[in-house]
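*Asks:*
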Amino acid sequence: MFNAFRTTVLLAALTALFMAVGYFIGGTSGMMIAFVFALVTNLFGYWNSDKLVLRMQNAVPVERSRVPELYDMVDILSRKAGIPTPKVYVIQSEQPNAFATGRNPQNAAVAVSAGLLKHLETREVAAVVAHELAHIRSRDTLTMTITATFAGAISALAQFGLFFGGGNNRDNPLGGVGALLMVFLAPVAAMLVQMAVSRTREYEADRDGAEISGDPLALASALQKIATLAGRQVNIAAERNPAMAHMYIINPLSGQRMDNLFSTHPDTGNRIEALRKLAAEMQVDDKGRRPQPRPAPTSTGRDIGGGWRVPTVGRTDEDGGQRGPWG
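The sequence shown lines up with residues 5 to 331 when you count with the working numbering.
1. At 3 residues or longer, what runs of the beta strand (DSSP E) sit wholly inside the region 47-113?
2. Can you tell me which of Ser82, Val116 and Thr149 puts its alpha carbon nearest to the alpha carbon of Leu15?
3. Can you find the residues in the same chain that come closer than 7 Å, C-beta to C-beta, to His135, ignoring five residues on each side of it along the sequence?
4. In chain order, what residues of the same chain have a beta carbon less than 7 Å from the beta carbon of Pro220, not counting five sequence neighbours either side?
5. Who are the near neighbours of Leu105 in its chain, counting only those whose CB is closer than 6 Å to its CB and skipping five residues on each side?
6. With a 10 Å radius around its C-beta and 16 neighbouring C-beta atoms as the bar for buried, classify Leu47 as buried or exposed.
7. Please report the distance separating the alpha-carbon of Pro351 from that of Ala241.
8. Please list the terminal residues of the continuous alpha helix (DSSP H) segment that includes Gln228.
9. With a threshold of 8 Å on Cβ separation, who are the neighbours of Pro90 within its own chain once the five nearest residues in sequence on each side are excluded?
10. Would you give the residue range spanned by the alpha helix (DSSP H) that Gly292 belongs to?
11. Suppose you measure from the CA of Gln296 to the CA of Lys229; what does that come to, to the nearest Å?
12. Cβ of Val129 within 8 Å of Cβ of Leu121?
13. What distance in whole Å lies between the Cβ atoms of Asn239 and Asn101, which are believed to be in contact at a cut-off of 8 Å?
14. Which partner residues does Glu115 have in the DSSP bridge list?
15. Would you mind working out which of Asn62, Leu227, Ser142 and Ala42 sits nearest Leu124, comparing C-alpha positions?
16. Assign Pro246 to one of three DSSP states: helix, strand, or coil.
17. Can you tell me the Cα-Cα spacing of Leu257 and Glu243, whole angstroms?
18. Taking its Cβ as the centre, do 16 or more other Cβ atoms sit within 10 Å of Arg127, making it buried, or is it exposed?
19. Taking a contact to mean a Cβ-Cβ separation below 8 Å, would you say Gln61 touches Ile95 in this structure?
20. Using the rule of at least 16 other Cβ atoms within 10 Å of the residue's Cβ for burial, across every protein chain shown, is Gly309 buried or exposed?
21. Roughly how many angstroms lie between the CA atoms of Thr272 and Gly31, to the nearest whole one?
22. Using 8 Å for Cβ pairs, my map puts Met251 next to Ala152. What's the rounded Cβ distance?
23. Let me confirm a value: Arg42 is counted as buried when at least 16 other C-beta atoms fall within 10 Å, else exposed. Which label applies?
24. How many angstroms separate the CA atom of Ala85 from the CA atom of Ala20?
25. Taking its Cβ as the centre, do 16 or more other Cβ atoms sit within 10 Å of Val40, making it buried, or is it exposed?
26. Could you check what DSSP says for Val238 in three-state terms: helix, strand or coil?
27. Identify whether Asn255 lies in helix, strand or coil by the three-state DSSP scheme.
28. Taking the straight line between their C-alpha atoms, what separation do you get for Gly305 and Gly218?
29. Tell me the rounded alpha-carbon separation between Met248 and Lys291.
30. Can you give the Cα-Cα distance for Gly34 and Phe22, rounded to whole angstroms?
31. Just the Cα atoms here: how many angstroms apart are Ala17 and Ser142?
32. Run the CB neighbour count on Ser69, radius 10 Å, all protein chains shown included, and call it buried at 16 or more, exposed below.
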């Protein structure tokens, strides 16, 4: 219920921002045109923004036969999260990262980059996937994808209006100055609106995802690796569409070292510290293990354990990677 209310408020704010851009570019007529544009964007965003985001981020659907380990992992974790298994996509990027999209759990997708599968261990990949499933379960993905669509559309509207001389409209209270200001301020305003929901939801998804996977420290390790490697490798698709940066688990943009006020993500160090505290609360060690009751002295036989193993996605046993509850 809260997420539905939050999405409604966000859409109303973005629509108002859209109309303000139209007004300062083309006066009253520009505002009405922007309002119609906003309605169309709302409808399009609800039904098709996930497909648009996946296409713009170079994410391609993959068959289970190509990555059975990843499919099994997503399927098992989805059942633990209590949601339908989403579609699986691979982002064609060497930068390790991931995001989720979709208007609801029944129409969702999880996208992980080729770099994520390459550089992270199996239990770390599982922790990242669980984080994205937490976004799907809480319906953050609708807010995230619509915000990305709106932010890009607002920037395009401002530039479009100036290009076609909207600033010369006598009905515009600030004339050309107003149109020029909107070109620079509208994208910033849209970014500030999306930031209002992105920071808190990342902490929530970290906690919920860690509870789904049962391995908070694997997510902490994954975040550290992704943050380090993301700064060294460029995500071309994200750089071309910066309004979608907030969808990723870690900021994919090369300018992520800018002041925290303009960051779409919480500080990675703070997220890791919160996960370490959660691990202590859950009594989970750095290999994803919980304390087991000691067997009674009279017990016989060998404890062969239970559970299951997800085939390796990133590192193999031969690589010497530490294994947790995911292999």
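Beta carbons: idealized from backbone N, C-alpha and C, even for Gly.
*Replies:* On the basis of the data shown:
1. With a minimum length of 3 residues, the continuous beta strand (DSSP E) runs that stay inside the region 47-113 are 63-65, 91-95 and 102-106.
2. Looking from the CA of Leu15, the closest CA among Ser82, Val116 and Thr149 belongs to Thr149.
3. Closer than 7 Å at the Cβ level, and outside the excluded window around His135, lie Ala209, Asp210, Gly213, Leu223 and Ile253.
4. These residues qualify, in order along the chain: Ala214, Leu279, Leu282, Ala283, Met286 and Val288.
5. Correcting the residue identity first, residue 105 is Thr in this sequence and not Leu. Asp54, Val57, Ala113, Thr145 and Thr149.
6. With fewer than 16 other Cβ atoms within 10 Å, it is exposed.
7. Residue 351 falls outside the range modelled here, since the chain spans only 5 to 331, and no answer is possible.
8. Gln228 -> alpha helix (DSSP H) spans Pro220 to Ala234.
9. If we look at Pro90 and ignore the five residues flanking it on each side, its Cβ neighbours are Val78, Ser82, Ala104, Gly106, Pro109, Ala112, Ala113, Val114, Leu137 and Ile140.
10. Counting along the chain, Gly292 falls outside any alpha helix (DSSP H), and DSSP gives it neither H nor E.
11. Distance between the alpha carbons of Gln296 and Lys229 is about 29 Å.
12. Against a cut-off of 8 Å, the Cβ pair of Leu121 and Val129 comes out as a contact.
13. The Cβ separation is near 7 Å, so the contact holds.
14. The question names Glu, yet the displayed sequence has Ala at residue 115. Beta-bridge pairing links Ala115 to Tyr93 and Phe103.
15. The closest CA to that of Leu124, considering only Asn62, Leu227, Ser142 and Ala42, is found on Leu227.
16. Here Pro246 sits in helix by DSSP.
17. Looking at the two C-alpha atoms, the distance is approximately 6 Å.
18. Around the beta carbon of Arg127, a 10 Å sphere encloses 16 or more other beta carbons of the protein chains shown; the residue is thus reported as buried.
19. Yes, the Cβ-Cβ distance between Gln61 and Ile95 is below 8 Å.
20. The predicted position of Gly309 is uncertain, since its pLDDT is 41 and thus under 50; no value can be drawn from it.
21. C-alpha separation (whole angstroms): 43 Å.
22. A Cβ-Cβ separation of about 6 Å places Met251 in contact with Ala152 under the 8 Å criterion.
23. Rather than Arg, the amino acid found at residue 42 in this sequence is Ala. Flag for Ala42 reads buried.
24. Rounded to whole angstroms, Ala85 to Ala20 spans 36 Å at the Cα level.
25. By the 10 Å Cβ count, Val40 comes out exposed.
26. Coil.
27. Coil at Asn255, not helix or strand.
28. Bear in mind that the predicted position of Gly305 carries a pLDDT of just 48, short of 50, making it unreliable; the figure below should be weighed with that in mind. About 28 Å.
29. The C-alpha of Lys291 is placed about 33 Å away from the C-alpha of Met248.
30. Answer to the nearest angstrom: the Cα atoms are 10 Å apart.
31. Each residue's Cα considered, the two are about 21 Å apart.
32. Counting C-beta atoms within 10 angstroms of its own C-beta, Ser69 has fewer than 16 neighbours from the protein chains shown and is therefore classed as exposed.
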